[in-house]
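Colleague: Quick one: this structure, given as structure tokens, is what I'll be asking you about.
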Amino acid sequence: MSNQQVALITGAASGIGLATAEALVSSGRTVVLADVNIEAGESEAERIGGTFVPADLSRREGCSLLAEEVLDRFGRCDILVNNAGIQHVAAIEDFPEEKWDFIINLMLTAPFLLCKYFWPSMRERGWGRIVNINSAHGLRASEFKVAYISAKHGLAGLTKTAALEGGPQGITVNSICPAYVRTPLVENQIDAQAATHGIAPEEVISDIMLKKVAVKKLIEPNEIGELVVYLCSDAAACITGSMLTIDCGWTAG
Ligand SMILES: NC(=O)c1ccc[n+]([C@@H]2O[C@H](COP(=O)([O-])OP(=O)(O)OC[C@H]3O[C@@H](n4cnc5c(N)ncnc54)[C@H](O)[C@@H]3O)[C@@H](O)[C@H]2O)c1
117 MSNQQVALIT GAASGIGLAT AEALVSSGRT VVLADVNIEA GESEAERIGG
167 TFVPADLSRR EGCSLLAEEV LDRFGRCDIL VNNAGIQHVA AIEDFPEEKW
217 DFIINLMLTA PFLLCKYFWP SMRERGWGRI VNINSAHGLR ASEFKVAYIS
267 AKHGLAGLTK TAALEGGPQG ITVNSICPAY VRTPLVENQI DAQAATHGIA
317 PEEVISDIML KKVAVKKLIE PNEIGELVVY LCSDAAACIT GSMLTIDCGW
367 TAG
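Every position in the sequence shown, counted from 1, becomes a number in the working numbering once 116 is added.
Below, the structure is given as structure tokens:
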């Protein structure tokens, strides 16, 4: 078994997860990409030099099977990036109950279970990094995104509790809280809002998404990947329990 650190990224077939996987490969880690999208996951893993493991993380069994497979094949997990997520937009009174369950399972229960399953592997080596891809919506609310925002606020609680428990064991746990990042998740929202408001996609970006931010640009996925790599460096050993914003100044206002 090699001494190279092993990093697992969930939801790594697309967007922020994929950019993070690429950045971690470039930093010399053995990288495992997990995703429910098998076709994209396999081809992207091959392209960037990682290993793909299919996993449906909205199910508890999907989480335990993923952990078993990673530990069987690689013998360790040093870095866990909890990233997989979806969005659903609806008012509370219309919000489908099964969507609530799905989002809480995928975006809060799965990160908890994966922390729990990989904790012993990190504790044994006295070194571990858990990075939760949270959101500015882990710090602030907006209407019509109740399950997403509730899951992200819950993920803040998981981050802080795990950081307290992990400190004495060399395990750091942080949340990264971005505003809008240019990924398929956001591109779908741009198209949906353009149709709803009868305006051009560029106007959705400038007049709605960037209205409250100081830096008027969408964040690129690789900017999140680079921050993850920094949090996984020894220079970041004292950063734990943080809700690190990369939000163009949105939550400063
Ligand atoms: N894009 C943004 O503006 C933004 C902002 C803040 C936070 N985030 C967070 O970043 C994370 C990634 O979002 P993204 O924008 O890269 O989205 P994305 O849609 O590009 O990627 C999400 C990935 O998660 C995977 N996934 C979905 N359901 C899954 C399941 N059941 N099991 C395993 N994988 C599953 C998808 O297949 C996809 O590959 C999410 O947690 C999201 O909340 C995104």
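Note that the Cβ used here is the ideal one computed from N, Cα and C, for glycine as well.
Using 8 Å as the threshold, is the C-beta distance between LEU196 and LEU124 below it?
Modeller: Position 80 of the sequence shown, counted from the start, is the residue given in the question as residue 196. Position 8 of the sequence shown, counted from the start, is the residue given in the question as residue 124. Taking 8 Å as the Cβ cut-off, LEU196 and LEU124 qualify as a contacting pair.
Colleague: Under 7 Å: does the beta carbon of GLY133 sit that close to some heavy atom of ligand 1?
Modeller: The residue you call residue 133 lines up with position 17 of the sequence shown. For GLY133, the shortest separation between its Cβ and any heavy atom of ligand 1 lies below 7 Å.
Colleague: Between which two residues does the alpha helix (DSSP H) containing CYS193 stretch?
Modeller: Taking the sequence shown and counting its residues from 1, the one referred to as residue 193 is at position 77. Careful: CYS193 lies outside any alpha helix (DSSP H) and carries neither H nor E.
Colleague: Find the nearest neighbour of ASN198 within the set PRO212, ASP210, PHE211 and LEU173, judged by alpha-carbon distance.
Modeller: Within the sequence shown, the letter at position 82 stands for residue 198. Taking only the C-alpha atoms, the option nearest ASN198 is LEU173.
Colleague: Out of curiosity, what's the CA-to-CA distance linking CYS190 and ALA200?
Modeller: Taking the sequence shown and counting its residues from 1, the one referred to as residue 190 is at position 74. Taking the sequence shown and counting its residues from 1, the one referred to as residue 200 is at position 84. One detail in the question is off: residue 190 reads as Phe in this sequence, not Cys. About 21 Å.
Colleague: Distance, Cα to Cα, PHE228 vs VAL247?
Modeller: Taking the sequence shown and counting its residues from 1, one reaches residue 228 at position 112. Taking the sequence shown and counting its residues from 1, one reaches residue 247 at position 131. When the Cα atoms are used, PHE228 and VAL247 turn out to be separated by approximately 12 Å.
Colleague: ALA139 and GLY341 - do their beta-carbons sit closer together than 8 Å?
Modeller: The residue you call residue 341 lines up with position 225 of the sequence shown. The residue you call residue 139 lines up with position 23 of the sequence shown. The answer is yes: Cβ separation under 8 Å.
Colleague: Would you mind stating whether SER358 and ASN290 have Cβ atoms separated by less than 8 Å?
Modeller: Along the sequence shown, one-based indexing puts residue 358 at 242. Along the sequence shown, one-based indexing puts residue 290 at 174. Result yes, Cβ atoms of SER358 and ASN290 sit closer than 8 Å.
Colleague: Is there at least one non-hydrogen atom of ligand 1 closer than 7 Å to the beta-carbon of ILE355?
Modeller: Taking the sequence shown and counting its residues from 1, the one referred to as residue 355 is at position 239. ILE355: no, Cβ never under 7 Å from ligand 1.
Colleague: With a 10 Å radius around its C-beta and 16 neighbouring C-beta atoms as the bar for buried, classify THR356 as buried or exposed.
Modeller: As a first step, residue 356 is located in the sequence shown; it is residue number 240 there, counting from the start. THR356 is buried by the Cβ-count criterion.
Colleague: Any chance the CB of VAL297 is under 7 Å from a heavy atom of ligand 1?
Modeller: Mapped onto the sequence shown, residue 297 falls at position 181. Yes, the Cβ of VAL297 comes within 7 Å of a heavy atom of ligand 1.
Colleague: Ordered along the chain, which non-local residues of its own chain (more than five positions away) have a Cβ less than 6 Å from that of MET117?
Modeller: Along the sequence shown, read from residue 1 onward, the residue named residue 117 stands at position 1. Bear in mind that a pLDDT of 49 at MET117, under 50, signals an unreliable position, so the number given afterwards is only what the model happens to contain. Excluding residues up to 5 positions away in sequence, GLY191 lie with their Cβ nearer than 6 Å to the Cβ of MET117 in the same chain.
Colleague: Shorter than 7 Å, the distance from the beta carbon of MET223 to the closest heavy atom of ligand 1, or not?
Modeller: The count along the sequence shown starts at 1 and reaches residue 223 at position 107. Indeed, a heavy atom of ligand 1 lies less than 7 Å from the Cβ.
Colleague: Determine the direct distance from the alpha carbon of LEU230 to that of GLY166, and round the result to whole angstroms.
Modeller: The sequence position of residue 166 within the sequence shown is 50, counting from 1. The sequence position of residue 230 within the sequence shown is 114, counting from 1. Going by the C-alpha atoms only, they are around 19 Å apart.
Colleague: With H, G and I counted as helix, E and B as strand and the rest as coil, what does DSSP make of SER291?
Modeller: Locating residue 291 in the sequence shown gives position 175, counting from the first residue. Strand at SER291.
Colleague: CA-CA distance, TYR264 and PRO294?
Modeller: Taking the first residue of the sequence shown as position 1, residue 264 is located at position 148. Taking the first residue of the sequence shown as position 1, residue 294 is located at position 178. For TYR264 and PRO294, the distance between alpha carbons rounds to 14 Å.
Colleague: Given this structure, state the Cα-to-Cα distance separating ALA207 from GLU184, to the nearest angstrom.
Modeller: Looking up residue 207 in the sequence shown gives position 91. Looking up residue 184 in the sequence shown gives position 68. If I take the Cα positions, the gap works out to 38 Å.
Colleague: Buried or exposed for SER322, going by 16 or more other Cβ atoms inside 10 Å?
Modeller: As a working note, residue 322 is residue 206 in the sequence shown. By the neighbour-count rule (16 or more Cβ atoms within 10 Å), SER322 is not buried but exposed.
Colleague: So what does DSSP say about ALA128, is it helix, strand or coil?
Modeller: Within the sequence shown, the letter at position 12 stands for residue 128. In this structure, ALA128 counts as coil in the three-state DSSP scheme.
Colleague: Closer than 7 Å to a non-hydrogen atom of ligand 1 - does that hold for the CB of ILE249?
Modeller: Locating residue 249 in the sequence shown gives position 133, counting from the first residue. Because some heavy atom of ligand 1 lies under 7 Å away, the Cβ of ILE249 counts as near it: yes.
Colleague: Measuring alpha carbon to alpha carbon, tell me which of GLN203, SER180, PRO170 and ILE132 ends up nearest ASN304.
Modeller: Numbered from its first residue, the sequence shown carries residue 304 at position 188. Minimum Cα distance to ASN304 is reached at GLN203.
Colleague: Measure the beta-carbon distance from ALA353 to THR288 and round it to whole angstroms, keeping in mind my assumption that it falls under 8 Å.
Modeller: Counting from one through the sequence shown, the residue named residue 353 turns up at place 237. Counting from one through the sequence shown, the residue named residue 288 turns up at place 172. Right, the Cβ-Cβ distance comes to about 7 Å (below 8 Å), so this counts as a contact.
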